[in-house]
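Under the working numbering, the residue at position 199 of the sequence shown is numbered 269, and the numbers go up by one with no gaps. Glycine included, every Cβ here is placed at the ideal spot set by N, Cα and C. Here's the structure, in structure tokens; my notes come after.
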Amino acid sequence: MGSLIPVLVPLETGGEGGFVPPGLEDFEFNGGFIPGVDWFNKPLVQALISVIIILAFWLIASRRLKVVPGKGQFVSEFLYSFIRNGVARDTIGHNWKPYFPYLLGLFCFIWVNNLFGLFPVFMFPTFSNIGYAWGLALLSWIIYNAAGVKKHGLMYFKNSVLPAGVPLWLAPVIIPVEALSNFIIRPITLALRLFGNLLGGHLVVLVFVVGGTYLLTQADGILLNAAGGFTLLFTFAIFALELLVVSLQAYIFTVLTASYVASATADEH
């Protein structure tokens, strides 16, 4: 699976002719684009392609804007307004403008890379490779902590681990709990939520596609063949569910990032 065109139906057999189901090894990549360069693999290529797609989309969308929008302008304006009003403004409040470009880019980047898992040429969601989920979570972690320092100075760290009004005798308990929650648990849960949902969803798709194809073409018996055909048809329902999941995960990651910025910059922080 080191190329852009993966084998969707690896009808491999075991040593005794048995069926080998898809597993976590289908999510491993060892280069394939540049000999000897393992890091230049399929997930990286997809991430680069997504950046090109997103930049091209917004550059085209920003040209020749009309009072009465066409279909393309309507889509871009809907997406722009959705993140601006439904995420940045509603979650962060009056100081939303400095963080809006990042939130819009964040949503688009996650969404496009998640959608790659549903298109035949790619058939792999980039964030089912956990390294990319960690990287994006780390970036959000840096941004919301930097926002807190910009607003409150170094007092941000003190207020993050010991909220105002907490009795000093509770400090030995509150400080480690709040430090763990604000500085460690948040980025970990951001990354694991995105990674886990994309990995699990894509693995379910692989099981249905590979298993259904095997039953339809390799199994003996009309009932097993019929079950394989039904499984392949049901795969379309799985794809529809995955479309909902990939969109929802992009939204959740973006909303949580905005809420962490709002928490870091709040006046009562």
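Same chain only: Cβ atoms within 7 Å of residue i, ignoring 5 sequence neighbours per side
i: Glu-147; result: Pro-139
i: Ala-289; result: Asn-295, Gly-298
i: Ser-132; result: none
i: Val-315; result: Asn-267, Gly-271
i: Leu-367; result: The question about residue 367 has no answer here: the residues shown for the chain are numbered 71 through 339.
i: Tyr-172; result: Ile-213
i: Asn-165; result: Thr-335
i: Gln-143; result: Ala-131, Leu-135, Lys-136
Proximity winner among the options, relative to residue i (alpha-carbon distances)
i: Ile-308; options: Val-247, Val-275, Gln-288; result: Val-275
i: Val-182; options: Val-121, Leu-149, Asn-199; result: Val-121
i: Phe-227; options: Ala-334, Leu-174, Glu-95; result: Ala-334
i: Thr-301; options: Val-316, Gln-116, Thr-283, Leu-311; result: Thr-283
i: Val-250; options: Val-231, Leu-238, Ala-241; result: Note that residue 250 is Leu in the sequence shown, not Val. The shortest Cα separation from Leu-250 among Val-231, Leu-238, Ala-241 belongs to Val-231.
i: Tyr-330; options: Ala-234, Phe-278, Tyr-169, Gly-201; result: Tyr-169
i: Ile-245; options: Leu-273, Pro-233, Ile-255; result: Pro-233
i: Pro-381; options: Gln-116, Gly-142, Glu-95, Asp-337; result: The question about residue 381 has no answer, for the chain in this structure spans 71 to 339.
i: His-222; options: Phe-97, Phe-144, Ala-332; result: Ala-332
i: Ile-254; options: Asp-160, Pro-242, Asn-215; result: Asn-215
i: Ser-317; options: Leu-149, Ile-130, Leu-94; result: Leu-149
Proximal residues to residue i (C-beta, below 6 Å), its chain only, five neighbours per side dropped
i: Leu-264; result: Phe-197, Ala-203, Gln-319, Phe-323
i: Phe-103; result: Phe-110
i: Val-236; result: Ile-244
i: Leu-269; result: Ser-198
Cβ-Cβ distance between residue i and residue j below 8 Å
i: Ile-124; j: Phe-192; result: no
i: Leu-260; j: Ser-210; result: yes
i: Asn-199; j: Pro-257; result: no
i: Leu-188; j: Leu-313; result: yes
Inter-residue spacing [alpha-carbon to alpha-carbon] between residue i and residue j
i: Gly-177; j: Tyr-321; result: Note that residue 177 is Phe in the sequence shown, not Gly. Computed Cα separation, rounded: 6 Å.
i: Phe-99; j: Val-107; result: 11 Å
i: Thr-287; j: Val-277; result: 15 Å
i: Ile-213; j: Ala-158; result: 14 Å
i: Ile-162; j: Ala-328; result: 6 Å
i: Lys-136; j: Asp-96; result: 46 Å
i: Leu-285; j: Leu-311; result: 23 Å
i: Ile-345; j: Leu-174; result: Given that the chain is displayed from residue 71 to residue 339, the structure contains no residue 345 and the question cannot be resolved.
i: Ala-241; j: Val-247; result: 10 Å
i: Phe-186; j: Met-225; result: 43 Å
i: Asn-252; j: Gly-218; result: 12 Å
i: Leu-208; j: Leu-303; result: 39 Å
i: Leu-291; j: Pro-190; result: What sits at residue 291 in the sequence shown is Gly, not Leu. Approximately 29 Å between the Cα atoms of the pair.
i: Leu-94; j: Asn-229; result: 42 Å
i: Val-129; j: Lys-141; result: Sequence inspection shows Leu at residue 129; the Val mentioned does not correspond to that position. Each residue's alpha carbon lies about 16 Å from the other.
i: Asp-160; j: Ala-126; result: 28 Å
Any non-hydrogen atom of the ligand FAD closer than 7 Å to residue i Cβ
i: Ile-212; result: No copy of the ligand FAD appears in this structure; indeed no ligand is present at all.
Close Cβ partners of residue i (< 8 Å) along its chain, the five nearest in sequence each way excluded
i: Trp-239; result: none
i: Asp-337; result: none
What are the start and end residues of each continuous beta strand (DSSP E) run of 3 or more residues lying completely inside the segment 195-224, in chain order?
-> Runs of the beta strand (DSSP E) inside the segment 195-224: none found.
Scan the segment 244-314 and note each continuous alpha helix (DSSP H) run of 4 residues or more that stays entirely inside, going in chain order.
-> Contiguous alpha helix (DSSP H) elements confined to the segment 244-314 occur at 256-287, taking only those with 4 or more residues.
Segments of 4+ residues assigned as alpha helix (DSSP H) that fall wholly inside the segment 127-171 | Those alpha helix (DSSP H) runs which fall completely within the segment 127-171 and span 4+ residues are 141-153.
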